[in-house]
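Read in order, the letters of the sequence shown correspond to residues 1 to 898 in UniProt numbering.
Yeah, the Cβ is synthetic: ideal placement off N, Cα and C, and Gly gets one too.
The structure appears right after this line, and notes come after that.
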Amino acid sequence: MSAKQGPALVIVESPTKAKTISKFLPSGYVVEASVGHIRDLPTSAKEIPAAYKKEAWSRLGIDIDNDFQPLYVVPQAKKKQVQKLKALVKDASEIYLATDEDREGESISWHLVQVLNPKVPIKRLVFHEITKTAIEKALAEPRELDEGLVQAQETRRLLDRLYGYELSPILWRKIGPGLSAGRVQSVAVKLIVERERERQRFVRATYWDLSGAFAAKNGNFEATLATLDGKRVASGKDFDQHTGKLKAGSDAQWVDEARAQKLASDLKSADWAISKVERKPYTDRPSPPFTTSTLQQEANRKLRLTARAAMQAAQRLYENGYITYMRTDSTSLAKEAVETARAQIEKLYGADYVPDQPREYRTKVKNAQEAHEAIRPAGEFVTPDSIKGKVGVDELRVYELIWKRTMACQMADARGHRLSLEVTGAGAVFQASGKTIEFPGYMRAYVEGADDPDAELADKETVLPSVTEGESVECTGLEAKDHTTQPPARFTEASIVKELESNGVGRPSTYAMIIDTILRREYVVKQRNALVPTFMAFAVVGLLERHFGHLVDVTFTARMEDDLDMISLGQKESLPYLQHFYFGAGGDVSKASDGGLKALLEQEIDPRESCTLPLGLDAEGRAIAVRIGRYGPYLERGDERATIPEGIAPDELTIEKAVELIERGSGPTELGDDPDTGRPAFLKAGRFGPYVQLGDNDDEPKMKSLLPGMVPEEVTLESAMRLLRLPREVGVDPATSEPVLADFGRYGPYLKRGTDTRSLEAPEQVFEIDLEQALVVLATEKKGGFRRGPKALRDVGTDPAGNVVKLLDGRYGPYVTDGTTNASIPKGTNPDDVTLELSLELIAARVAAGPSKKKKAKKKVAKKKAATKKAAKKTAKKATKKASKKTVKKAADDGDGA
């Protein structure tokens, strides 16, 4: 410690991490959290200091013409915490900066020094796991702040702001509000759109083969037709995906249905014999331990967790001391970790499962500042069973995944034999293959993509009977089978993470946020686990490709990551790099040269072109296009328009489908007149699907969506009127004298009695249920519904003062509370994603904002009608302008990769 009297102050990012670390520090140390970054570029006009508000660059937060000087501010939500840290610094004898050991953690420490400006010694603590041994070692071996890492992170932040704040408003003006562009985000969307374009171009092909059942003296087996008269039978890989025909130069023969059926009949009577038997030993090696990317991929495949949920669970495990640091590109393990793993393997599985020599995994880590060890259990590798009840459900599942993978990576190889055989008869050759596992090795602990290793081991074995070459076998059945080639699979969260990493785009630690952003922006939607791009994504990617092509080029973006790595290593300077990016090859501040962002921003961009996606020509040669409108995408053919129903993926919108929608949606279908009122009834197509309407548009029409299962072509006047007469009065409740109504609404069929409602199981019940049945349904306990107080969702964690922070669902939505202060979670935030860190930030911001000010009642003053109308118009215009600015700001800045 220094000569000054007082405690040593240790600063970390999160309260949870602070609580865990404090358990391993000796007396004389105080641990406090910064609660993430304490300052950043301004994100709104009110955050810009008065001295800079008139500067042209203040909204951007970067003085482009003055060496890209950033304008950093302490957000309102962080001011109270900064004041607390400053007070602690005054009494501290020395400062230990113990933020995470990656580039962003280094940047947080640098900002702390800049803001707190301590006058005592400053030391940087770096550790890979929060254990007593690791903390003691870090205290014994502190280092200085790494200026290279700081420069790299600051350059990244400025690049992201330049990209997001300059490009996003263009998307907003040319396509629609609420959109955003980002250095990594836009490349991810482009990859997903390109995959959908491949699916659009794909032409399916159908081919046939035979499946045969054979009986040998030692058992039965199944085999598949491989060759006919010495010529290979075509399979999926032999077909051109753009024509649906055999690839040029293919030596395979295409078997169609007629030939397959004839072969199945003709070959039954053939004489069959084993013509080839091949037995080969095989060895399977375990996968390396987890990196950030592979953990996200496997958590998505095996646990169905999003990248965000997986990283949040890993973060909590790390901060509570259960795993090592979860942001890493390395697959290496410390010597102590390997020894611990080998000891546990021998104890749990036996000496046979421990290889003679420890396994070493090496990967080329591009950026030297990242953690140099893989993700693994911390300390003594406690078993998953031992932490049940101490962590959340997702944390336990992720820990079990990490524990098993770490165990497996140090276990012996799996060994076995592969057997292949051929059966020949009448010029046809059938093939069968099998696999036996003789020693499961690492598979006892972990099988990729499987939750239950024992069950998976059984599934991985395909046992064939023992046969010899020349042995006669009997064909007991032949079946002709058809196959259809499939388009390239859409990306999932796991596969897009793998694709981004393999291309060197972005950093694994940012992928979770990138995926979260493109889902929130509705550039993609999820169908089961697949990421499906929207037509809006096609429009955005099209504009960026035409006018900012190199900025969404995969290789260009990957090169930027390499450049940032070089800056972190001191091999490249930040300022010249930023000048080159913004001003072009010359990097001249006074003049934008070709290739720089500034020159690209000055292009003329046709908004109609940006919002038009050509689809093709119909049978009469008329062009059909998808247009992006104010209320969503629609089809256009000359003067004809048709709404594209929700749920249609871009690759499903063929020319034939488009023509059908246009002809159905070019005008309403008049079904006839209502016998009771004489008003006309129509069948229409809307954004949310087909519906029926009673009355003209200028006649206060009544509308009802078709029930699930109803086909528009089969809708008659009678069925339409049955829908339009809903709600149906089932009868009157004798106990309350209130009418009981049956209706179909947004959430399905339901009953209503006064303010009391109950859901029905099937749509048709709204027409069929009688009063007696309805009263039984209304008498059942209501699911959900009204509650007198807020509903407790879960405990988020414990704050530094020892208060339990809870997540509750109240009248106006979910909120967090520490028992004293309530804070609503931001709109659009999934309650499952609320962490302790976010909760403490929200509560701190609510406290800083002070008590709500009650509005004073104003006396109404009579005004002239014309003046009132003018004032209202002026207010509306001002509000619209303000909302527009807010939308651009929000769309433009979404952090890294936005």
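Reducing DSSP to helix, strand and coil, say where residue i ends up.
{"i": "Thr43", "result": "coil"}
{"i": "Thr755", "result": "coil"}
{"i": "Lys498", "result": "helix"}
{"i": "Met513", "result": "helix"}
{"i": "Cys409", "result": "helix"}
{"i": "Ala51", "result": "helix"}
{"i": "Glu479", "result": "strand"}
{"i": "Ser610", "result": "helix"}
{"i": "Ala98", "result": "coil"}
{"i": "Gln523", "result": "Position check: residue 523 holds Tyr in this sequence, whereas Gln was assumed. If DSSP states are grouped into helix, strand and coil, Tyr523 belongs with coil."}
{"i": "Lys217", "result": "coil"}
{"i": "Trp403", "result": "helix"}
{"i": "Glu714", "result": "helix"}
{"i": "Ile605", "result": "coil"}
{"i": "Glu837", "result": "helix"}
{"i": "Arg787", "result": "Residue placement at Arg787 is poorly supported in this model, since its pLDDT is 42, which falls under 50; the coordinates are not used for a value here."}
{"i": "Ile375", "result": "strand"}
Under the rule that 16 or more other beta-carbon atoms within 10 Å means buried, what is residue i, buried or exposed?
{"i": "Asn830", "result": "exposed"}
{"i": "Asn367", "result": "The predicted model places Asn367 with a pLDDT of 42, which falls under 50 and marks its position as unreliable, so this point remains unresolved."}
{"i": "Asn320", "result": "buried"}
{"i": "Ile655", "result": "exposed"}
{"i": "Phe556", "result": "exposed"}
{"i": "Tyr747", "result": "exposed"}
{"i": "Tyr631", "result": "exposed"}
{"i": "Gly182", "result": "buried"}
{"i": "His111", "result": "buried"}
{"i": "His128", "result": "buried"}
{"i": "Thr292", "result": "buried"}
{"i": "Pro690", "result": "buried"}
{"i": "Ser269", "result": "exposed"}
{"i": "Asp91", "result": "exposed"}
{"i": "Arg124", "result": "buried"}
{"i": "Thr517", "result": "buried"}
{"i": "Leu348", "result": "exposed"}
{"i": "Gly785", "result": "In this prediction, Gly785 has a pLDDT of 44, which is less than 50 and means its spatial position is unreliable; nothing more can be read from the coordinates."}
First and last residue of the alpha helix (DSSP H) that includes residue i?
{"i": "Val115", "result": "103 to 116"}
{"i": "Asp91", "result": "76 to 91"}
{"i": "Phe767", "result": "765 to 768"}
{"i": "Glu336", "result": "335 to 349"}
{"i": "Ala823", "result": "Run containing Ala823: none in the alpha helix (DSSP H); it sits in the beta strand (DSSP E), 822 to 824."}
{"i": "Ile437", "result": "Element bounds for Ile437: not the alpha helix (DSSP H) but the beta strand (DSSP E), 428 to 439."}
{"i": "Ser719", "result": "717 to 724"}
{"i": "Lys174", "result": "147 to 174"}
{"i": "Glu422", "result": "Unbroken run through Glu422 is the beta strand (DSSP E), 414 to 425; no alpha helix (DSSP H)."}
{"i": "Ser22", "result": "15 to 22"}
{"i": "Ala779", "result": "771 to 779"}
Specify, as a first and last residue, the run of the beta strand (DSSP E) that residue i falls within.
{"i": "Arg199", "result": "It is not in any beta strand (DSSP E) - Arg199 instead sits in the alpha helix (DSSP H) that spans 185 to 201."}
{"i": "Ile122", "result": "122 to 124"}
{"i": "Arg362", "result": "That residue, Arg362, is in no beta strand (DSSP E); it is neither H nor E in DSSP."}
{"i": "Lys132", "result": "From DSSP, Lys132 is part of no beta strand (DSSP E) but of the alpha helix (DSSP H) over 132 to 140."}
{"i": "Leu600", "result": "Note, Leu600: premise wrong, no beta strand (DSSP E); alpha helix (DSSP H) at 597 to 601."}
{"i": "Met703", "result": "702 to 705"}
For residue i, collect the residues of the same chain with a Cβ closer than 7 Å to its Cβ; drop the 5 residues on either side in sequence, then sort them by chain order.
{"i": "Val82", "result": "Ile38, Val74, Val115"}
{"i": "Val277", "result": "Leu421, Val467, Thr468, Glu469"}
{"i": "residue 925", "result": "No statement about residue 925 is possible, as the shown extent of the chain runs from 1 to 898 and does not include it."}
{"i": "Tyr582", "result": "Ile64, Leu162, Gly596, Leu597, Lys598"}
{"i": "Thr534", "result": "Glu522, Tyr523, Val524, Val525"}
{"i": "Lys704", "result": "Tyr691, Val692, Leu723, Leu724, Leu726"}
{"i": "Arg279", "result": "His417, Leu419"}
{"i": "Arg195", "result": "Pro488, Arg490, Phe491"}
{"i": "Met566", "result": "Lys572"}
Below 6 Å CB to CB, which residues in the same chain sit around residue i once its five sequence neighbours on both sides are set aside?
{"i": "Ala252", "result": "Arg232, Ala234, Asp238"}
Can you give me the Cβ contacts of residue i inside the same chain, cut-off strictly under 8 Å, excluding the 5 residues immediately before and after it?
{"i": "Glu13", "result": "Ala33, Ser34, Val35, Gly36, Thr99, Asp100, Gly105, Ile108, Glu837"}
{"i": "Ala823", "result": "Tyr815, Val816, Thr817, Ser839, Leu842, Ile843, Ala845, Arg846"}
- If you scan the segment 230 to 311 from start to end, which runs of the alpha helix (DSSP H) of 4 or more residues do you find wholly inside it? 257 to 266, 292 to 303
- Jot down the residue ranges of each uninterrupted beta strand (DSSP E) in the segment 525 to 591, minimum 3 residues, whole runs only, in chain order. 530 to 533
- Unbroken stretches of the beta strand (DSSP E), 3 residues or longer, contained in the segment 615 to 694: 623 to 629, 632 to 637, 640 to 643, 669 to 673, 680 to 686, 689 to 694
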